[in-house]
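Inspection log for the structure reproduced underneath, given as structure tokens.
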Amino acid sequence: MYVYIYDGIVNKRKNRKTLIKIEKKITDLGLNGKIVRLEGIKDTESIIKNEVRYQAKTIVAVGNDSTLNTVINAVLKQNLTASSRELPVIALIPLEASNNLISASLGIQSPEAGCEALLSRRLKNINIAQANQEYFLTQAEILGNYTKIQIEKDYSIEIKRGGEINIINLPLKKEWGDFLKIESGKKILKLLIRPPKTTRASLISESIFSLNKLTVTKETKKIIIDNCKEIAAPATIKTTDKFLNLIVGKNRYF
Amino acid sequence: MFKKNVSKRNQPKKIETVIGPNIKVKGNFNGEGNTVIEGSLEGSLKTNGDVYIGDNAKVLANIKSKTARVGGVVTGDIYASGHLEIVSSARISGNIECKTLSVESGSLLNGQCTMYSQTQEKETKKEEVNPKSKK
Numbered sequence: 005m006y007v008y009i010y011d012g013i014v015n016k017r018k019n020r021k022t023l024i025k026i027e028k029k030i031t032d033l034g035l036n037g038k039i040v041r042l043e044g045i046k047d048t049e050s051i052i053k054n055e056v057r058y059q060a061k062t063i064v065a066v067g068n069d070s071t072l073n074t075v076i077n078a079v080l081k082q083n084l085t086a087s088s089r090e091l092p093v094i095a096l097i098p099l100e101a102s103n104n105l106i107s108a109s110l111g112i113q114s115p116e117a118g119c120e121a122l123l124s125r126r127l128k129n130i131n132i133a134q135a136n137q138e139y140f141l142t143q144a145e146i147l148g149n150y151t152k153i154q155i156e157k158d159y160s161i162e163i164k165r166g167g168e169i170n171i172i173n174l175p176l177k178k179e180w181g182d183f184l185k186i187e188s189g190k191k192i193l194k195l196l197i198r199p200p201k202t203t204r205a206s207l208i209s210e211s212i213f214s215l216n217k218l219t220v221t222k223e224t225k226k227i228i229i230d231n232c233k234e235i236a237a238p239a240t241i242k243t244t245d246k247f248l249n250l251i252v253g254k255n256r257y258f
Numbered sequence: 003m004f005k006k007n008v009s010k011r012n013q014p015k016k017i018e019t020v021i022g023p024n025i026k027v028k029g030n031f032n033g034e035g036n037t038v039i040e041g042s043l044e045g046s047l048k049t050n051g052d053v054y055i056g057d058n059a060k061v062l063a064n065i066k067s068k069t070a071r072v073g074g075v076v077t078g079d080i081y082a083s084g085h086l087e088i089v090s091s092a093r094i095s096g097n098i099e100c101k102t103l104s105v106e107s108g109s110l111l112n113g114q115c116t117m118y119s120q121t122q123e124k125e126t127k128k129e130e131v132n133p134k135s136k137k
């Protein structure tokens, strides 16, 4: 059974036409299912948890990065001990171009491509990472001029000049996917530190570390996971034993 | 026209870790793949792969690796189970141990140099496996 989670943004005037197109395409493909609307609901996670409890087979997030992150957190927090086989398959139909970096990473470039991906059902078993109590699929971005990162108990990294600091589980940029050679099934995070004003990926200016667990100290301003959710520093970011089956497209970045 | 990019020379192809120029790493760094150091490292470095120390790198650590290319300032001992390459920009204060060695003119080495032949290495391995056999 398909359960479609409609984010609040579906009700925006500019998205109405796209939503009608999506619904028409879903009907044409015979993929109809239950629609759950999140607009106006404060505790969105508990609504999705209910659907997991009622044994939804596929949960489709219709919206943006934030919608997908909410769905992933709700699914994993509902059943903490379940394996990826027991959990529903997760899919994403991107609704608008902005705040939709994850869909591009998954190889779903448009709402139509999202519907077609549902039909072709190309599954990828993906390891999910965690920042404090929140799960994330793609990356955690660290903001701040001076940052100190403790890698497990072994060593620490001091970053003196601000730039881009990302802890990557799945790449949000295509060049990172090629450059870092990320494999979705492996329980490894890549820490990528780019100095300011670096345009091209090169091994001379960037720093790369492979790790399982790190702690970001309180000097950091903030941490943003999955391009949508803010986490307060200090924070512990780590790989988990949790895997989810996601529907992906052909042109994914990993 | 014929100028080579010196800093990229002999860099390992598959790189697991890169310590960039603006980064300072403190502690015991244990890796599995190839490591490139262009910034600074304090503590120790242990890896099964190759180590490339860039011309502007500053290392205050003991290094243990498969092969090593040293270009920057290293204060500490270097143990390479294979080849050790010391280029002209290298400033090493510490002992070095390796199987094969190449040293460019202009480099500085203050410390003891120990080299192992293949037969010696085999004997050491045998001793490690069966330490009582000698007695």
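Chains as they are written, first to last, in our numbering: chain A, 5 to 258; chain B, 3 to 137. Note that beta-carbon positions come from the ideal geometry of N, C-alpha and C, so glycine has one too.
Amino acids of chain B, ordered along the chain, whose beta-carbon sits closer than 9 angstroms to that of Pro238 of chain A: Those within 9 angstroms of Pro238 of chain A in chain B number zero; the least Cβ separation is about 18 angstroms.
Can you find a C-beta in chain A that's less than 7 angstroms from the C-beta of Ile94 of chain B? no
Excluding the five sequence neighbours on either side, which residues of its own chain have a C-beta within less than 7 angstroms of the C-beta of Lys254 of chain A, listed in chain order? Gly111
Please classify Ile24 of chain A: is it buried, with 16 or more other beta-carbons within 10 angstroms of its beta-carbon, or exposed? exposed
Beta-carbon of Asn24 of chain B versus every beta-carbon of chain A: anything under 7 angstroms? yes
Among A:Leu80, A:Asp182, A:Lys128, A:Ala65, the one whose alpha carbon lies nearest that of Ile57 of chain A: Position check: residue 57 of chain A holds Arg in this sequence, whereas Ile was assumed. Comparing Cα-Cα distances from Arg57 of chain A to each of A:Leu80, A:Asp182, A:Lys128, A:Ala65, the minimum goes to A:Leu80.
Using a Cβ-Cβ distance under 7 angstroms, would Ile98 of chain B count as near chain A? no
Have a look at Glu116 of chain A and Val20 of chain B and give me their C-alpha separation to the nearest angstrom. 40 angstroms
With a threshold of 7 angstroms between beta carbons, is Asn19 of chain A in contact with chain B? no
Do Ile25 of chain B and Ser211 of chain A count as a contact pair if the criterion is CB distance below 7 angstroms? yes
How should Ser104 of chain B be labelled, buried or exposed, when 16 other C-beta atoms within 10 angstroms of its C-beta is the threshold for buried? exposed
Cβ of Lys153 of chain A within 7 angstroms of Cβ of Leu218 of chain A? Contrary to the premise, residue 153 of chain A reads as Ile rather than Lys in this sequence. Their beta carbons are under 7 angstroms apart, which means Ile153 of chain A touches Leu218 of chain A by this criterion.
Looking at Leu250 of chain A: is its Cβ nearer than 7 angstroms to the Cβ of Lys61 of chain A? no
Strand pairing of Ala133 of chain A, partner residues [DSSP]: A:Phe140, A:Thr243
Along the chain, where does the alpha helix (DSSP H) containing Phe31 of chain B start, and where does it finish? Run containing Phe31 of chain B: none in the alpha helix (DSSP H); it sits in the beta strand (DSSP E), 25-33.
CB contact check: Asn64 of chain B to chain A, cutoff 7 angstroms: no
For Pro200 of chain A, would you say it is in contact with chain B, using Cβ-to-Cβ distances shorter than 7 angstroms as the test? no
Which parts of the segment 82-110 of chain B are runs of the alpha helix (DSSP H), unbroken and 4 residues or longer, counting only runs that do not cross its ends? none
Would you tell me roughly how many angstroms separate the C-alpha atoms of Gly37 of chain A and Leu195 of chain A, rounded to the nearest one? 39 angstroms
Name, in chain order, the residues that DSSP records as bridge partners for Cys232 of chain A. DSSP lists no partner for Cys232 of chain A.
Which chain A residues are close to Lys68 of chain B, counting only those with a beta carbon under 9 angstroms from its beta carbon? Going along chain A, no residue has its Cβ under 9 angstroms from Lys68 of chain B, so there is no contact; the nearest lies around 17 angstroms.
For Leu174 of chain A, does the three-state DSSP call read helix, strand or coil? coil
Which residues does DSSP list as the beta-bridge partners of Thr116 of chain B? B:Glu99
Chain B within 7 angstroms of Phe4 of chain A, Cβ atoms only: Nothing about residue 4 of chain A can be reported from this structure: the residues present for chain A run from 5 to 258 only.
The segment 133-146 of chain A / the segment 229-249 of chain A touching (three or more Cβ pairs under 8 angstroms): yes
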